[in-house]
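Residue numbers (the numbering used here): 131 to 631.
Glycine residues also receive a C-beta, built at the ideal position from the N, C-alpha and C atoms.
Some notes on the structure that comes next.
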Ligand SMILES: [Zn+2]
C-alpha cells in the first residue's frame with residue numbers, strides 16, 4: 131500500500147577532489163598518512179600565513195559543475211564561515227557563500243522500475259555546487275577504556291566540492307540512484323575517487339514529509355498539504371545507510387504528525403534539526419537545532435582575490451569531461467540496440483568496460499550478443515577474481531575470438547571459459563578437459579536422420595510453415611546428445627533431411 135504521505139528529500143554531497151595538494155597550500159592531499167604529517171602554517175591557520183588558491187582544484191570543480199549542467203559564474207569569491215570546532219584550527223572555514231562558482235544545474239538519474247529490468251529517467255535539480263576547504267578529523271578513543279580524543283589535521287584544508295540538490299527526490303531508492311549517478315560520473319570524469327569508506331564522498335540528507343490536507347481543514351487553511359519540519363541527517367556512511375535513515379525519518383515524522391495535537395508540526399512551530407544516524411541501532415539521534423546562515427557570520431575572505439572565469443577556461447573544462455554516463459547509456463541503446471537495462475549495467479561498470487564492449491561488438495558485429503556474453507562470462511569472472519577489466523587475461527580480441535570459435539552451448543561455453551581462465555589453457559585444451567566433443571557434420575547428420583525417424587509427428591509439423599517452432603524441437607533433440615552442436619549447422623541439416631524424405 132502506498133504511504134499516506136509524500137517523502138521529500140534533498141541531498142548535500144561533499145566530494146574530495148583528486149588534487150595532489152590542498153586547496154590553499156602545498157601540503158599533500160593524500161588519504162592514510164600518519165596523523166599530522168601533512169600540515170603547514172597555512173592549513174594550521176598560524177598568524178601571518180597566507181592562502182593561495184590551487185588552480186587544479188578549481189579546474190576539477192568546474193569540470194564537475196559542467197557535468198552537472200550548472201551555470202558557471204564569471205566572477206566568484208571566497209568567504210569565511212565562522213565556527214569553533216577542535217578539528218578547525220583557524221576557527222573558520224574558507225567556503226563560498228553568496229557567490230558560488232556554479233549554480234542552477236540538473237542531473238538525470240535512472241530509477242529502476244519494480245522488475246529491475248527497466249528504468250525510467252528523472253531529472254534532479256542542482257541548486258549550487260561550490261568549493262570549500264575540508265576540516266580535520268577527530269579520532270575518538272574507541273577502546274572503551276578512556277575518553278581521549280585526538281585530532282588529525284592532515285585533512286584540514288583539502289579541497290571539497292559541495293553539491294546541493296533541490297528537494298526533488300521522493301523515495302530512498304531515488305536518493306540512492308542519485309548518489310550512484312554522482313559517484314559514477316565524478317569517477318569517470320576524474321574529479322574524485324568517491325570512496326565513502328575513506329570519506330572522499332560524504333552525504334547529508336534533508337528529509338521531511340508532506341501530508342495531504344483533507345476535508346474542511348483544506349478549505350479553512352487553503353493548503354494542499356502540511357510539511358513537517360526539516361531534519362538534516364548526518365553520519366551517513368554508506369548508500370544503504372542513506373536509504374535506511376530516510377525511511378526511518380519518514381516513518382518517525384508521520385508518527386509524530388499523527389500525535390501532534392498542539393499543531394506544532396501542522397503550523398511549522400518547530401525548528402529545523404540536525405540528527406545523526408546510528409547505523410548499528412538503525413535510528414536517528416537528534417544532535418542540535420540547526421544554525422541559520424546568520425549564526426556563521428559569513429564575510430568575504432580578505433586574504434584571497436576573487437576568481438574570474440573566462441569562456442576559454444569553461445571550454446577547456448568541458449572538453450576534459452568526455453562522454454558522460456547519461457549520454458553513454460543513450461548511445462549504447464541507439465547504436466547497439468541494447469535494452470535500457472543492459473546499457474545501465476554496462477555503463478555503471480565504467481568507461482574501460484564500455485570500451486572493451488565496443489571493441490568486442492565491433493569484432494563480432496553484434497552488440498546485443500556481446501552484451502549477453504559479457505553478462506554471462508565477463509562480469510561474474512571479474513567479480514570472482516576481484517579484477518579490473520584492464521587486468522583481465524582476455525583482451526577484447528581474445529574474447530571475441532572465443533565467442534566466435536568456442537562452444538555455442540551456453541553451459542559448455544561457461545565451463546570452457548572458466549578452465550581457460552583458471553588454468554591458462556588454450557581453447558582446444560580446455561574443451562578437451564571439459565569433455566566437450568567436437569562433432570563433425572557426418573555424425574550430426576546421422577543424429578538428425580535418427581531423430582526424424584523417431585519422431586514422425588514432429589517431422590510432419592516441421593514441414594508445416596504454419597508451425598515454425600517445430601524445427602526448434604528437433605534442434606533440442608539433437609542438442610541433448612551433442613550439446614555443443616552449432617545451431618546454424620543443425621538447422622541446415624534438418625532442412626536438408628526434411629527436403630530429402
Ligand atoms: Zn598546509
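| Item | Value |
| --- | --- |
| DSSP-derived helix/strand/coil call for residue 252 | strand |
| Status (buried if at least 16 other CB within 10 Å, exposed otherwise) for residue 152 | buried |
| N-terminal and C-terminal residue of the alpha helix (DSSP H) that residue 196 is part of | 185 to 197 |
| Exposure label - residue 135; buried when at least 16 CB within 10 Å | buried |
| 9 Å Cβ cutoff met for residue 260 and residue 230 | yes |
| Other residues of its chain near residue 371: CB distance less than 7 Å, five sequence neighbours each side excluded | 407 and 409 |
| Cβ-based burial, residue 308 [other Cβ within 10 Å; buried from 16] | buried |
| Beta-carbon contacts of residue 144 that lie in its chain and below 6 Å, excluding the five residues immediately before and after | 290, 292 and 332 |
| Residue 498 beta carbon near ligand 1 (any heavy atom closer than 8 Å) | no |
| Distance between residue 219 and residue 329 (C-alpha atoms, nearest Å) | 20 Å |
| Proximity test, residue 156 beta-carbon vs ligand 1 heavy atom, cut-off 8 Å | yes |
| Residue 319 beta carbon less than 9 Å from that of residue 294 | no |
| Rounded straight-line distance, which links the Cα of residue 527 to that of residue 553 | 19 Å |
| Proximal residues to residue 418 (C-beta, below 8 Å), its chain only, five neighbours per side dropped | 403 and 404 |
| 8 Å contact criterion, which residue 277 and residue 373 should meet: CB distance rounded | Going by Cβ atoms, the distance from residue 277 to residue 373 rounds to 33 Å, so no, they are not a contact pair. |
| Residue nearest to residue 595 in terms of C-alpha spacing, selected from 569, 614 and 625 | 625 |
| Distance between residue 326 and residue 368 (C-alpha atoms, nearest Å) | 7 Å |
| Residue 533: first and last residue of the uninterrupted alpha helix (DSSP H) it sits in | 526 to 535 |
| C-alpha gap between residue 429 and residue 211, whole angstroms | 7 Å |
| Cβ pair count under 8 Å reaching 3, the segment 482 to 502 against the segment 515 to 527 | yes |
| Length-filtered (3 minimum) beta strand (DSSP E) runs lying within the segment 132 to 165 | 136 to 146 |
| Per-residue DSSP class, three states only, for residue 340 | strand |
| Distance cut-off 8 Å: residue 174 Cβ against heavy atoms of ligand 1 | yes |
| Contact test: residue 206 Cβ vs ligand 1 heavy atom, cutoff 8 Å | no |
| Near ligand 1: residue 412 beta-carbon under 8 Å from a heavy atom | no |
| Within 9 Å, strictly: CB atoms of residue 223 and residue 207 | no |
| Nearest-angstrom Cα separation, counted from residue 296 out to residue 363 | 16 Å |
| At least three beta-carbon pairs within less than 8 Å, the segment 425 to 443 to the segment 169 to 184 | yes |
| Proximity of residue 530 and residue 546 at Cβ, strictly below 9 Å | no |
| Sequence-distant residues of the same chain with beta carbon closer than 8 Å to residue 499, five excluded per side | 533 |
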